[in-house]
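Report on one structure; see the data block that follows.
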Amino acid sequence: MKSNLVLNFILALIMVVILGVIGYVGAVISLLMGGITFYTPLIVVVSVSLMMITVIVIFRLLKPKTLKITVMSFLALCLISIAVYEIFESYQRSIVTVSDQDYNLYGYQPFHDDTNVVALDEPANVKLEGDLPILDGATALYPVYSAFARATYPEKEYNVHQSEVMSNQTGEAFQNLLNGKVDMIFVAAPSKRQLEQAKKRGVELEMTPIGQEAFVFFVNENNLVTGLSVEQIQGIYSGEITNWSEVGGANDSIRAFQRPADSGSQTALEKIMGDVPIADPPTEDVVSGMGGVFEEVSSYKNYKNAIGYTFRFFSNEMVKNGEIRHLKIEGVYPDKETIRSDSYPFASEFYAITAGSDNPNVDVLLEWILSEQGQRLIEETGYVAVKRK
Numbered sequence: 003m004k005s006n007l008v009l010n011f012i013l014a015l016i017m018v019v020i021l022g023v024i025g026y027v028g029a030v031i032s033l034l035m036g037g038i039t040f041y042t043p044l045i046v047v048v049s050v051s052l053m054m055i056t057v058i059v060i061f062r063l064l065k066p067k068t069l070k071i072t073v074m075s076f077l078a079l080c081l082i083s084i085a086v087y088e089i090f091e092s093y094q095r096s097i098v099t100v101s102d103q104d105y106n107l108y109g110y111q112p113f114h115d116d117t118n119v120v121a122l123d124e125p126a127n128v129k130l131e132g133d134l135p136i137l138d139g140a141t142a143l144y145p146v147y148s149a150f151a152r153a154t155y156p157e158k159e160y161n162v163h164q165s166e167v168m169s170n171q172t173g174e175a176f177q178n179l180l181n182g183k184v185d186m187i188f189v190a191a192p193s194k195r196q197l198e199q200a201k202k203r204g205v206e207l208e209m210t211p212i213g214q215e216a217f218v219f220f221v222n223e224n225n226l227v228t229g230l231s232v233e234q235i236q237g238i239y240s241g242e243i244t245n246w247s248e249v250g251g252a253n254d255s256i257r258a259f260q261r262p263a264d265s266g267s268q269t270a271l272e273k274i275m276g277d278v279p280i281a282d283p284p285t286e287d288v289v290s291g292m293g294g295v296f297e298e299v300s301s302y303k304n305y306k307n308a309i310g311y312t313f314r315f316f317s318n319e320m321v322k323n324g325e326i327r328h329l330k331i332e333g334v335y336p337d338k339e340t341i342r343s344d345s346y347p348f349a350s351e352f353y354a355i356t357a358g359s360d361n362p363n364v365d366v367l368l369e370w371i372l373s374e375q376g377q378r379l380i381e382e383t384g385y386v387a388v389k390r391k
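Each residue of the sequence shown is one higher than the one before, counting from 3 in the numbering used here.
Okay, structure coming up:
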């Protein structure tokens, strides 16, 4: 009797160790694959439960019928949990997301096969050779300055992230300019933080307006609200207005999405808000490649009660597809004519910014951008040409 107990104990110990190792390896793999929110905890729970069941079976702590019911109930609970999680994740994936960071730029490379970049119908008046200006900028403006490069640069491959014509988004592009890694960036007006940073580093920025764009707010196509005032925008993004019924919509809470700090879109929102404090943005946990978790600002998800913002270029296609709707601001809808006439409240210029480059081709390119050909490319890309002073 005593020897059987010892043998059972040794067997139970061996099985627990084996199950523990298998569970540990499974949890690590799940963690590295991004399953930290559900599958990693599930593997831990299942591993521990199997250890307990193994001990119960070896030492016969439950009657066979009771043990069978327990095991079947546990398996059913696990399967139901997985089914509910996958259904929820499938629903989340089905919701349209708007994020300039996810915009596919590869189809806008200057000389890429089947590129979407617009082209002149005659040779450009300027053809650059030798020391080409290194360009960087906002994602939304990449199709514009890629078109400039197609017209004036030698034909070759220009990698989106590492070449003479690249797009590393507003924040990194600005840092590249300050660090002397690029000659010219194409962005909306810099934020106060960015201007102060340039001043502290003794970098003198030359900001040349080259075109106009609209900063737009948008909602789900089925939202009853068709327009907002500037004051209502400030109320929503300060957290004072929290329900759509307060601005003429349905009785539903407002999900006010934001963009990362120092992005072109977030800088535009900060200017609209002025001295009004901005509420904390919705965030989401993102799993890094090594299984770590960091928090980042959530991209806009097209829930029925959501509101988001971006520059008009990004959202036009989704408006055409009937997924979202641009909001009127102070009764004015954002389109080319209201941008051109300055009747749309959030129309603004975008810039080619330099910082004292000694590349002689920089001034040549800038002068050409402001010429009839350069301005025509801006219009044909979908923006509005800069006003002549």
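For glycine and all other residues, C-beta sits at the position ideal for the given N, C-alpha and C.
Extent of the continuous alpha helix (DSSP H) run through residue i
i: Phe315; result: 314-322
i: Met53; result: 41-61
i: Thr68; result: 66-96
i: Pro362; result: 362-371
i: Ala200; result: 194-202
Residues that DSSP places opposite residue i in a beta bridge
i: Val167; result: Leu137
i: Tyr353; result: Val189, Pro211
i: His328; result: Phe220
i: Leu230; result: Ile331
i: Ser255; result: Asn245
i: Lys303; result: Thr99
i: Thr285; result: Val299
i: Ile309; result: Val221, Ala258
Three-state class that DSSP yields for residue i in the structure shown
i: Phe219; result: strand
i: Asp207; result: The sequence given here places Leu at residue 207; Asp does not occur at that position. Note: Leu207 maps to coil in three-state DSSP.
i: Ser267; result: helix
i: Thr383; result: helix
i: Ile243; result: coil
i: Ile274; result: helix
i: Tyr155; result: coil
i: Ile12; result: helix
i: Ile280; result: coil
i: Tyr346; result: coil
i: Val128; result: coil
i: Ser32; result: helix
i: Ser148; result: helix
i: Leu107; result: coil
i: Asn181; result: coil
i: Ile38; result: coil
i: Gly250; result: coil
i: Tyr26; result: helix
i: Thr172; result: helix
i: Glu374; result: helix
i: Val18; result: helix
i: Asn118; result: coil
i: Gly237; result: helix
Buried/exposed call for residue i, threshold 16 Cβ in 10 Å
i: Thr68; result: exposed
i: Ile371; result: buried
i: Phe348; result: buried
i: Glu314; result: Reading off the sequence shown, one finds Arg at residue 314, where the question assumed Glu. With 16 or more other Cβ atoms within 10 Å, it is buried.
i: Ala2; result: There is no way to answer for residue 2, as the model of the chain reaches only from 3 to 391.
i: Pro279; result: exposed
i: Gly188; result: Gly is not the amino acid found at residue 188; the sequence shown has Phe there. With 16 or more Cβ atoms within 10 Å of its Cβ, Phe188 is classed as buried.
i: Val288; result: Low local confidence applies: a pLDDT of 49 at Val288 is under 50, so the model's placement there is unreliable, and no value is given.
i: Ala252; result: exposed
i: Thr356; result: buried
i: Gln94; result: exposed
Beta-carbon separation (whole angstroms), residue i vs residue j, contact threshold 8 Å
i: Gly139; j: Ser169; result: 6 Å
i: Leu329; j: Phe220; result: 6 Å
i: Ser317; j: Gly173; result: Contact flag wrong, Cβ pair sits at about 21 Å.
i: Val227; j: Gly250; result: 6 Å
i: Lys303; j: Ile24; result: Between Ile24 and Lys303 the Cβ distance is about 37 Å, and since that is not below 8 Å, they are no contact.
i: Leu33; j: Thr42; result: 5 Å
i: Asp133; j: Asn323; result: Not confirmed; about 43 Å, so no contact.
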